[in-house]
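Position one of the sequence shown corresponds to residue 36 (this note's numbering), numbered consecutively onward. Heads up: the structure comes next, in structure tokens.
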Amino acid sequence: MIALHILAGVLALISGAVAMTATKGGKLHRRSGRVFVIAMLAMASIAVLMAGVLRPDRVNLIAGSLTFYLVSTGMLTVRRPAEKARRLMTGFMLLALAGGAHALTLGFEALNSAAGTMQGIPPQPLFMFAVVGLLGGLLDARLLWAGSIQGAHRLARHLWRMSFAMWIATASFFLGQAKFFPEPIRKSGLLAVPVLLVLVFLLFWMVRVLIKRRAAVSVQVH
Numbered sequence: 036m037i038a039l040h041i042l043a044g045v046l047a048l049i050s051g052a053v054a055m056t057a058t059k060g061g062k063l064h065r066r067s068g069r070v071f072v073i074a075m076l077a078m079a080s081i082a083v084l085m086a087g088v089l090r091p092d093r094v095n096l097i098a099g100s101l102t103f104y105l106v107s108t109g110m111l112t113v114r115r116p117a118e119k120a121r122r123l124m125t126g127f128m129l130l131a132l133a134g135g136a137h138a139l140t141l142g143f144e145a146l147n148s149a150a151g152t153m154q155g156i157p158p159q160p161l162f163m164f165a166v167v168g169l170l171g172g173l174l175d176a177r178l179l180w181a182g183s184i185q186g187a188h189r190l191a192r193h194l195w196r197m198s199f200a201m202w203i204a205t206a207s208f209f210l211g212q213a214k215f216f217p218e219p220i221r222k223s224g225l226l227a228v229p230v231l232l233v234l235v236f237l238l239f240w241m242v243r244v245l246i247k248r249r250a251a252v253s254v255q256v257h
């Protein structure tokens with residue numbers, strides 16, 4: 036089970052890196068994106084199974100569940116119109132809100148504990164999961180209320196969800212498993228570079244999408 040989890044994770048990191056750097060909408064982006072989705076869903080599902088049943092771990096359960104949620108809703112955004120997936124989206128919305136609320140609870144438990152951690156995890160990552168889950172769920176509720184999403188907003192929704200899932204996987208691999216890397220690499224700070232690069236690419240694509248939308252609106256107005 037762990038071997039499959041690791042294999043899926045490595046495949047997700049490689050395909051995700053290709054998808055993030057490739058031209059959006061191109062053949063390479065679509066193909067690598069499909070591999071990324073399959074690998075991430077497999078990795079997250081195994082993580083949830085292990086953390087929820089085989090080796091109970093509340094922090095990993097939250098991380099796996101939110102990763103599964105982000106990838107699933109990111110894929111759903113470009114594959115099926117919102118009005119045709121209301122029940123599915125409602126289920127994912129409830130999952131995100133429940134996961135975010137539970138992460139918030141764990142964050143305060145870590146903050147108030149004697150060690151200042153929850154199962155060795157400081158409160159900051161737990162609060163981050165809480166923000167992602169609650170924000171994602173609220174945006175889902177807004178979309179369900181509106182009934183549809185189009186253009187740049189649709190692309191931005193897809194991008195931030197896929198990219199943040201990629202960030203979780205990258206941080207889990209390079210920082211969460213830092214003990215498996217040689218000590219000189221750990222001390223050099225190089226393990227943080229891939230994690231930061233994912234955030235850079237996320238910001239780059241989000242700004243590019245939103246600026247192109249603003250430019251297109253400006254041209255239409257004039």
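The beta carbon of each residue, even a glycine, is placed where N, CA and C say it ideally should be. On a predicted model such as this, the values are computed, not experimentally measured, just so you know.
query	result
Backbone CA spacing between asparagine 147 and leucine 141 [nearest angstrom]	10 angstroms
Residue from Leu101, Ile49, Met197 and Ile220 with nearest C-alpha to glycine 168	Leu101
Cβ pair phenylalanine 208, leucine 48 closer than 8 angstroms	yes
Contacts around isoleucine 41, its chain only, beta-carbon distance under 8 angstroms, and the 5 residues preceding and following it disregarded	none
DSSP state of isoleucine 156 mapped onto helix, strand, coil	strand
Buried/exposed call for leucine 190, threshold 16 Cβ in 10 Å	buried
Among Val233, Leu210 and Leu234, the one whose alpha carbon lies nearest that of serine 223	Leu210
DSSP three-state assignment for methionine 197, whether helix, strand or coil	helix
Where serine 207 sits in the DSSP three-state scheme	helix
Alpha helix (DSSP H) segment containing arginine 69, residue limits	62 to 84
Residues near proline 229 in its chain [Cβ-Cβ closer than 7 angstroms; skip 5 each side]	Thr205 and Phe209
Arginine 192, buried or exposed, once every other Cβ within 10 Å from all chains shown has been counted against 16	buried
Among Leu84, Ala117 and Ser50, nearest to phenylalanine 103 - alpha-carbon criterion	Leu84
Close-in-space but distant-in-sequence residues of the same chain around arginine 53 (CB under 6 angstroms, 5 per side omitted)	According to the sequence shown, residue 53 is valine rather than arginine. So the list reads Ser67, once near-sequence residues are dropped.
Cutoff 7 angstroms; reference methionine 241; Cβ partners in own chain excluding five residues on either side	Ala191, Leu194 and Trp195
C-alpha distance - proline 160 paired with glycine 172, whole-angstrom precision	18 angstroms
Local conformation of alanine 52 per DSSP, three classes	helix
Option nearest isoleucine 97 by Cα separation, candidates Leu123, Ile156 and Arg115	Ile156
Span separating the alpha-carbon of arginine 221 from that of lysine 214	8 angstroms
For alanine 117, the nearest candidate out of Arg90, Ser80, Met36 and His188 (CA to CA)	His188
Same chain, Cβ closer than 6 angstroms to valine 233, five either side skipped, listed in chain order	Met201, Trp202 and Thr205
Completely contained alpha helix (DSSP H) runs for the region 129 to 187, where each covers 4 or more residues	158 to 181
Test item: CB-CB of phenylalanine 162 and leucine 179 under 8 angstroms	no
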